[in-house]
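K.L.:
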Amino acid sequence: MTRKEKIYNIVVCVLSLVSVVFAIKDFAIGLNKAELVCDYLIYALFVLDYFVRFILADKKKSFVKSNVLDLIAIIPFNSAFRIFRTVKVIRMARLLKLAKIGSVSARGFKKAKRFLNTNGFKYVLILSAAAILISSVLMTYFEQMTFKDSLWWSFVTALQ
462 MTRKEKIYNI
472 VVCVLSLVSV
482 VFAIKDFAIG
492 LNKAELVCDY
502 LIYALFVLDY
512 FVRFILADKK
522 KSFVKSNVLD
532 LIAIIPFNSA
542 FRIFRTVKVI
552 RMARLLKLAK
562 IGSVSARGFK
572 KAKRFLNTNG
582 FKYVLILSAA
592 AILISSVLMT
602 YFEQMTFKDS
612 LWWSFVTALQ
């Protein structure tokens, strides 16, 4: 890895962490004007980053498949999708080889993957998440609720 790539990854990591802090604060108490502007600038940088990497990618379809979480992170919804920006932190840790936790975590990931693949459980989770998000959007539209409130309503309703 070149020095420029390392610097790029560190900058993206820091921006991701700041964005996650803003997302948590936004859910809890809201952001002030300066924080909101800073968050929009970070968002714009992530959108620009994604599209530049997409344009430079040789295999566009493969790029989109391998960067699905990055794509979700730049969807212009509410704070909920800002959490996906932590994926950049994880990627940087992996690239800098800081994510070596050992064989215990590898076995844990294999067990988790096997569990999720049991009887199509991962598809149930995906469909449940999609249903919650779709119902949240519909409740926001039809009931004139905020997205946070409608997401909470959808989640709690799904649990019952």
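Per the numbering used here, residue 462 is the first one in the sequence shown, and the count goes up by one each step. Don't be surprised by glycine CBs; every beta carbon is placed ideally from N, CA and C.
Just to confirm, is the Cβ distance from Val525 to Phe515 under 9 Å?
P.N.:
Here residue 525 refers to the residue found at position 64 of the sequence shown. Here residue 515 refers to the residue found at position 54 of the sequence shown. For Val525 and Phe515, yes; Cβs fall inside 9 Å.
K.L.:
Quick one: what does DSSP say Asn580 is sitting in, helix, strand or coil?
P.N.:
To locate residue 580, count along the sequence shown from 1; it is residue 119. Helix.
K.L.:
Does DSSP put Thr618 in a helix, a strand or coil?
P.N.:
The residue given as residue 618 occupies position 157 in the sequence shown. Of the three classes helix, strand and coil, the one that applies to Thr618 here is helix, per DSSP.
K.L.:
Helix, strand or coil for Met462? Go by DSSP, reduced to three states.
P.N.:
Locating residue 462 in the sequence shown gives position 1, counting from the first residue. DSSP places Met462 in coil when its eight states are reduced to three.
K.L.:
Is the beta carbon of Ala534 closer than 9 Å to that of Phe512?
P.N.:
Walking along the sequence shown from the start, residue 512 turns up at place 51. Walking along the sequence shown from the start, residue 534 turns up at place 73. No, the pair does not count as a contact, with Cβ atoms beyond the cut-off.
K.L.:
Could you pull the start and end residues of the alpha helix (DSSP H) that Ala505 belongs to?
P.N.:
By 1-based counting over the sequence shown, the position of residue 505 is 44. Ala505 -> alpha helix (DSSP H) spans 494 to 517.
K.L.:
Classify Tyr602 as helix, strand or coil using the three-state DSSP reduction.
P.N.:
Here residue 602 refers to the residue found at position 141 when the sequence shown is read from its first residue. Note: Tyr602 maps to helix in three-state DSSP.
K.L.:
Per DSSP, what kind of secondary structure is Asn470 in: helix, strand or coil?
P.N.:
Reading the sequence shown from its first residue, position 9 is the one you call residue 470. If DSSP states are grouped into helix, strand and coil, Asn470 belongs with the helices.
K.L.:
Examine the Cβ distances between the region 467 to 478 and the region 488 to 498 and report whether three or more of them are shorter than 8 Å.
P.N.:
no
K.L.:
Residue range of the alpha helix (DSSP H) that Lys522 falls in?
P.N.:
The residue given as residue 522 occupies position 61 in the sequence shown. Where Lys522 is concerned, the enclosing alpha helix (DSSP H) stretches over 521 to 527.
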